[in-house]
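The structure appears right after this line, and notes come after that.
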Amino acid sequence: MWQARWVVTQLEAAARRHGLPLTFRLKEIRTEGDLDHTTPLAAFGQRGVFVRAVEQALLRGEVDVAVHSLKDLPGEQPPGLVLAAFPVREDPRDAAVLRQPPREGSSDALAHLPAGARIGTGSPRRIAHLRHWRPDLEFVPIRGNVDTRLGKLQEPGLDAVILAAAGLRRLGLWDGRMQALDPAVCLPAAGQGALAVEVRADDHIAREAVQLIDDLSIRLAITAERELLARLGGGCHVPIGALATWTESRGQRWLRLMASVADPTGSRLLVAEESRLMDLPATDSAAVNAAAAEAAARALAHHTAEVLMGKGAGELLREPRA
């Protein structure tokens, strides 16, 4: 619910700035993934376990706007629904939460964990990336909301847990036990740290309202990340990382896409990094041809996927999952 509350706050502020008399009411919908905290996500055997119930309520007209953690969304929307807005993105990186605060001045807390340290995470992507750098680490599957997973550190047997930095920061939980992981070590999931606002395709009032908080730069970065995932045929159960970031040089804006594919053991990790000059001004403008910009972001994703496939990603994607 904290995600929905944050979006409502942003929408209300945007409505006030534009002098629009918009009001919002929150409705909590529990999904299959919310209710089952014990089954590993890979065992559900289907995608979208955190979104299906919400999308069904949206299609039935029980709600007009749905808020999702973008990394939980399947690559394609159900007929009749569209992703109408991507608001400001939080820190997209993964974060290590240690039982004991890291050494003062340490920039790589995981590197200082003892051999055989036990790490709590159920994410195949996080496990594969971290195993690549620290094959000695032992991984323990954990599920649940942020508070539940943080609480696991109070029990014996875990030295650290890995969570999305965005959730910790948005909930105001960030403290000295936590350290964001360098994407070069653990590349985030596509869309991590971003929220997606979904509406019915034929609900023009809701669509126009939520577009007040749409951020074009975020939309284009997310488009590249999700298109790469779709191109490779990966979901949240496949060890694929993707992160698009912006750079600027002499008034020109470049979109850089970093991507990775790993095998579950972490013994093989393939990485690609490609950039594309985007026809955008130094600041976002309504005059920008958004459709052309999105097409350019997708083209960047296609090229990056081809680079990964040329390095052997197809073989890793075909291998049975551990």
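FYI, the numbering for the sequence shown is 0 to 321, going by numbering that gives the first Met the number 0.
Every residue gets a Cβ at the ideal spot worked out from N, C-alpha and C, and that includes glycine.
Between which residues of its own chain and residue i is the CB-CB distance below 6 Å, once the five residues before and five after are set aside?
i, result
"Trp253", "Thr246, Ser274, Leu276"
"Val7", "Phe23"
"Lys26", "Val62"
"Val81", "Ala200"
"Leu219", "Ala292, Ala296"
"Thr244", "Arg255"
Residues in its own chain within less than 7 Å of residue i by CB, not counting five upstream and five downstream?
i, result
"Ala56", "Ile28, Val62"
"Trp1", "Arg169, Leu170"
"Ala13", "Leu211, Ile212"
"Thr353", "Since the displayed the chain opens at 0 and closes at 321, residue 353 lies outside it and no answer follows."
"Ala312", "Leu231, Val260, Leu269"
"Glu89", "Ala165, Arg168, Arg169, Gly192"
Taking the straight line between their C-alpha atoms, what separation do you get for residue i and residue j?
i, j, result
"Asp71", "Asp107", "28 Å"
"His131", "Gly156", "22 Å"
"Arg225", "Pro20", "34 Å"
"Arg199", "Leu136", "45 Å"
"Arg206", "Leu231", "30 Å"
"Thr222", "Ala296", "6 Å"
"Arg133", "Gly18", "54 Å"
"Arg59", "Asp214", "28 Å"
"Thr322", "Arg249", "Because the chain spans 0 through 321 in this model, residue 322 falls outside it and cannot be assessed."
"Gly79", "Gln99", "48 Å"
"Arg4", "Ala189", "23 Å"
"Gln153", "Asn288", "51 Å"
"Ala300", "Leu256", "7 Å"
"Gly309", "Asp262", "16 Å"
"Ala183", "Ser122", "17 Å"
"Gly143", "Gln251", "43 Å"
"Ala330", "Ser266", "Since the first residue shown for the chain is 0 and the last is 321, residue 330 is missing from the structure and cannot be characterised."
"Pro322", "Glu314", "Nothing can be reported for residue 322: it is not among the residues displayed for the chain, which extend from 0 to 321."
"Arg16", "Glu305", "44 Å"
"Ala325", "His67", "This structure leaves residue 325 out entirely; the chain is present only between 0 and 321."
"Asp202", "Val64", "10 Å"
Report the partner residues of residue i according to the DSSP bridge assignment.
i, result
"Arg199", "Leu80"
"Met308", "None, per the DSSP bridge assignment."
"Trp253", "Thr246, Leu276"
"Val7", "DSSP output for Val7 lists no bridge partner at all."
"Gln178", "Ala95"
"His67", "Ala195"
"Leu268", "Ala261"
"Ile217", "According to DSSP, which records beta bridges pairwise, Ile217 is partnered with nothing at all."
"Ala298", "In DSSP, Ala298 forms no bridge with anything."
"Ile239", "Val260"
"Leu315", "According to DSSP, Leu315 bridges with nothing at all."
Looking at residue j and residue i, is the spacing between their C-beta atoms short of 8 Å?
i, j, result
"Asp158", "Ala114", "no"
"Arg176", "Leu97", "yes"
"Lys151", "Ile141", "yes"
"Ala298", "Leu10", "no"
"Gly240", "Ala229", "no"
"Phe85", "Ala195", "yes"
"Leu227", "His128", "no"
"Leu279", "Ala292", "yes"
"Leu316", "Val270", "no"
"Val87", "Ile204", "no"
"Ile118", "Val139", "yes"
"Glu197", "Ala83", "yes"
"Glu54", "Pro91", "no"
For residue i, which residues of its own chain have a beta-carbon under 8 Å away from its beta-carbon, when the five flanking residues on both sides are left out?
i, result
"Asp93", "Arg125, Ile161, Leu162, Ala163, Ala164, Ala179, Leu180, Cys185, Pro187, Gln191"
"Leu149", "Val96, Val160, Leu162, Leu172"
query: Which residue spans inside the region 80-160 form an unbroken alpha helix (DSSP H) run of at least 4?
result: Here the runs fully enclosed are 123-132, 145-150.
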